[in-house]
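**Student:** Using this note's numbering, read the sequence shown as starting at 230 and increasing by one per residue. A virtual CB, placed ideally from N, CA and C, is assigned to each residue, including glycine.
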Amino acid sequence: MTSSIPLWQRRFLAPIIGFPTWSRHAPDRAVYVSSESGIYQLHSWDIASGVRRQITHEPVGLVSGHVSADGEWVLWHRDTTGSESGEWVAAPFSGGAPEPLADGLPAGWDEGMAPGLERSVAVISDHAGFGLYAIENSGAAKRIAFSGDSLILGGADAMMGSTELGGLSADESLAAIEHGEHGDLIHPALRILDARTGAIVADLHDVGRTLTVAVWSPVPGDQRLAIGHERRGEHAPAIWDPVSGEVRELSLPWDHHTEVADWWPDATAILLVELDGGHHRLHRYDLETGAITTLETRLGSMTGARVRPDGNVWYRLQTGEHPGVLLQVGRTEPVFDPGPAPAGRVFIPWSFPNPHGQTVTGWRIEPEGTAPFPTLVHVHGGPTSVDLDRWAPDLQAYVDAGFQVVLVNYRGSIGFGAEWRDTLIGNIGWPELEDINAGVDDLLARGLADPARLAIAGWSWGGYLTLLMHGMHPDRFIAGVAGVPVGDYALGYEDLSPLLQAYDRALLGGAPAEVPELMAERSPISYVDNVEAPILFLAGEADSRCPIRQVMAYVDRLNERGHPHELYLFPTGHAPFQIDERIKQTGIVLDFLARNVPGIEVPN
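The following block contains the structure:
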């Protein structure tokens, strides 16, 4: 029997699982995120018995959590509004009502948690600053360090790592943080502190270059820490001994973005994750000999990888054609397959030159039929993010509607070297638009895109670029979709979370009030009166990343002009975790595009 639910909706409804996390002390007690209930929630997984249970029932959902070091509790940062500010709670691994995690641990924004047996550490921010808290197993928390600038717990910002592995040393004596006390969160420095007292043990700072925490050695007493550095331009691994001060840069035969995801249990080797051409590869690096063994994995992008106690490697892999599945190196059958999903269309690699002679890469997803296609440029957020070959039901829905969807890894994206990423420092907006327009010109020259049927869409920073594009190049696109966008940059800064304010200061070269010329030149609201195409806005009322007040300031300017636009407000934050809401929003976008781009139809 054929389902009456449209194909594009069935892709959303297919259950999604995240990469599981577990404690080294109780490796058969794992926690993972799943959408199987219709909203992203935490689930516990007893790996030995195979028993899995939904633990959280948060009304706005959540996409991250931890298991306690002894495997008895599930921990999460409870956010009841979608603003991302909340408090830490815990519930039994076998299920039950949550309770506050610790006395003395304040509410605020989560900047990383590392659970331990004797003590845990967490970083929480509020508008007064950033605090590092030690939580003793007695249940009492105390602040042991503070910064008015910015700090996050080690591993909190890693693509592959986690704070369980990067925040607290194996013997729980040392805590690792990344900080921007030198005024540059984009190029954080590292600091090691006594996890009991907060006393500084060691500092590491590469001026003008990024340092990141990856994973502590799993052997108690071995205080080596795997880190990431940019001393040769691209993100690369090193081993730092904060006690001796030695930093050992690891020699690699490639020059691609590479992270340390884990150590082998005896600390003789580390697991490397290499990003190349929008796909990931795994390698074992022997620390004594320097020998590198490439592990046999499926082709795709990964959202997690880790070494199990028996030395086997688990990884989560996805592509544009299928959602993420948990796999084990050397094993054919998945470790955990959430179930079948309607296939997506393949992501086709794409590259083109920008006006500076640089090669920009991205992806194309082709619809049925022949070129030239109606084309939707879908702009990623960040800007320090990257479009990979990934499962994306929203993009596939636009393809089903008849669009060629194209993705551009503009300057500012990660994975292409520090210089590429840092192009935007003090220079936001214009480099990205140059690269996007160069991509459109390339498609037109190849006969792949119809010049009369071009649309642009983006969320977050992609929404910022969508609005800026319509203001600065009003005749390029016939429709735009601005999801949780930045419309009035300076006004938005006032309502941001503390970490996003610190990021903006690093990106802009100061707070917006300190760089008024840049704001006048690069804020979309400066060009709002130039906009010619209809625009659809989608915005979260509790958003602390792209706050609602500045979105409405931009919308009000369009209202004053009587310019055609549509506005959809939803009650939570930066992104909804409810599957029904994601389907609803995609349907709103499809309907808007079908009414404004000839030849586009809402798919059945």
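Can you tell me whether residue 238 is buried or exposed? The criterion is at least 16 other CB atoms within 10 Å of its CB, across all chains shown.
**Tutor:** Classification for residue 238: buried.
**Student:** If I measure Cβ to Cβ from residue 566 and keep anything under 7 Å in the same chain, skipping five residues before and after, which residues do I get?
**Tutor:** Taken in chain order, the residues that qualify are 554.
**Student:** Any idea what DSSP makes of residue 663, helix, strand or coil?
**Tutor:** In the structure shown, residue 663 sits in a helix (DSSP, three-state: H, G or I).
**Student:** DSSP on residue 487, reduced to helix/strand/coil?
**Tutor:** In the structure shown, residue 487 sits in a strand (DSSP, three-state: E or B).
**Student:** For residue 499, does the count of other Cβ atoms within 10 angstroms reach 16, so buried, or fall short, so exposed?
**Tutor:** Residue 499 should be labelled buried.
**Student:** In angstroms, rounded to a whole number, what distance separates the CA positions of residue 230 and residue 236?
**Tutor:** Unreliable positioning characterises residue 230 in this predicted model, as indicated by a pLDDT of 39, which lies under 50. A coordinate reading is not provided.
**Student:** Going by the CB atoms, is the gap between residue 243 and residue 552 shorter than 8 Å?
**Tutor:** Cβ atoms of residue 552 and residue 243: closer than 8 Å.
**Student:** Are the CB atoms of residue 446 and residue 387 within a distance shorter than 8 Å?
**Tutor:** Against a cut-off of 8 Å, the Cβ pair of residue 446 and residue 387 comes out as no contact.
**Student:** Taking Cβ to Cβ, would you say residue 365 is nearer than 8 Å to residue 352?
**Tutor:** It is not a contact, given that the beta carbons lie outside the stated cut-off.
**Student:** For residue 806, I'd like the list of residues in its chain whose CB is within less than 7 Å of its CB, leaving aside the five on either flank, ordered along the chain.
**Tutor:** Cβ neighbours of residue 806 beyond the five flanking positions: 268, 269, 289, 290, 291, 292.
**Student:** Find the nearest neighbour of residue 725 within the set 828, 356, 459, 677, judged by alpha-carbon distance.
**Tutor:** Nearest option by C-alpha distance: 356.
**Student:** Just to confirm the assignment, what range does the beta strand (DSSP E) spanning residue 393 have?
**Tutor:** Not the beta strand (DSSP E): residue 393 falls in the alpha helix (DSSP H), residues 392 to 395.
**Student:** Write down the C-beta distance between residue 474 and residue 431 rounded to the nearest angstrom, noting that I regard them as a contact closer than 8 Å.
**Tutor:** Sure, about 7 Å apart at Cβ, within 8 Å.
**Student:** Note the first and the last residue of the continuous alpha helix (DSSP H) segment covering residue 647.
**Tutor:** Start and end: 647 to 651.
**Student:** Between which residues of its own chain and residue 303 is the CB-CB distance below 7 Å, once the five residues before and five after are set aside?
**Tutor:** Same-chain partners within the cutoff: 260, 271, 273, 284, 294, 296, 319, 320, 322.
**Student:** Select from 821, 547, 797, 642 the residue whose C-alpha is nearest the C-alpha of residue 530.
**Tutor:** Among 821, 547, 797, 642, the Cα nearest to that of residue 530 belongs to 547.
**Student:** Relative to the C-alpha of residue 662, which candidate in 687, 677, 676, 644 has its C-alpha closest?
**Tutor:** Per the Cα distances, 687.
**Student:** Give me whichever residues DSSP pairs with residue 407 in a beta bridge.
**Tutor:** Answer by DSSP bridge pairing, in chain order: 381, 419.
**Student:** Classify residue 788: buried if its beta carbon has 16 or more other beta carbons within 10 angstroms, exposed otherwise.
**Tutor:** Classification of residue 788: exposed, given that the 10 Å Cβ count is below 16.
**Student:** Using CA atoms only, rank isn't needed, just tell me which of 350, 286, 378, 380 is closest to residue 368.
**Tutor:** When each option's Cα is compared against that of residue 368, the closest is 350.
**Student:** So residue 711 packs on residue 764, CB below 8 Å; how close in whole Å?
**Tutor:** About 6 Å separates the two Cβ atoms, so the contact holds.
**Student:** Compare the C-alpha of residue 720 against each of 702, 439, 709, 740 and name the closest.
**Tutor:** Closest by alpha carbon: 740.
**Student:** Going by Cα to Cα distance, which pick from 360, 559, 620 is closest to residue 572?
**Tutor:** For the residues 360, 559, 620, the minimum Cα distance to residue 572 belongs to 620.
**Student:** Identify whether residue 753 lies in helix, strand or coil by the three-state DSSP scheme.
**Tutor:** Residue 753 falls in the helix class under three-state DSSP.
**Student:** Taking the runs of the beta strand (DSSP E) that are 3 residues or longer, which of them lie wholly in the segment 711 to 786?
**Tutor:** DSSP runs (the beta strand (DSSP E)) wholly in the segment 711 to 786: 764 to 769.
**Student:** Which residues mark the beginning and the end of the beta strand (DSSP E) in which residue 544 is found?
**Tutor:** Where residue 544 is concerned, the enclosing beta strand (DSSP E) stretches over 542 to 547.
**Student:** Mind reading off the beta-carbon distance from residue 359 to residue 727? Whole number of angstroms is fine, and I expect it under 8 Å.
**Tutor:** So it is a contact: roughly 7 Å between Cβ atoms.
**Student:** Taking 8 Å as the CB-CB cut-off, is residue 753 touching chain B?
**Tutor:** The chain inventory of the structure shown lacks chain B, comprising one protein chain alone.
**Student:** Go to residue 810, then tell me how far its alpha helix (DSSP H) extends in each direction, as first and last residue.
**Tutor:** 808 to 825 is the extent of the alpha helix (DSSP H) around residue 810.
**Student:** Could you pull the start and end residues of the alpha helix (DSSP H) that residue 566 belongs to?
**Tutor:** Careful: residue 566 lies outside any alpha helix (DSSP H) and carries neither H nor E.
**Student:** Tell me the DSSP secondary structure of residue 510 in three-state form.
**Tutor:** Three-state DSSP puts residue 510 in a strand.
**Student:** Residues in the same chain with beta-carbon distance under 7 Å from residue 589, minus the five sequence neighbours each way, listed in chain order, please.
**Tutor:** Same-chain partners within the cutoff: 580, 581, 583, 637, 638, 639, 664, 667, 668.
**Student:** State yes or no: is the C-beta of residue 484 within less than 8 Å of the C-beta of residue 463?
**Tutor:** In this structure, residue 463 lies closer than 8 Å to residue 484 by Cβ.
**Student:** If we count the other Cβ atoms within 10 Å of its Cβ and call it buried at 16 or more, is residue 234 buried or exposed?
**Tutor:** Counting Cβ neighbours within 10 Å, residue 234 comes out exposed, since fewer than 16 surround it.
**Student:** Beta-carbon separation of residue 460 and residue 478 under 8 Å?
**Tutor:** In this structure, residue 478 lies closer than 8 Å to residue 460 by Cβ.
**Student:** In whole angstroms, what separates the C-alpha of residue 733 from that of residue 775?
**Tutor:** In a straight line, the C-alpha of residue 733 is about 12 Å away from that of residue 775.
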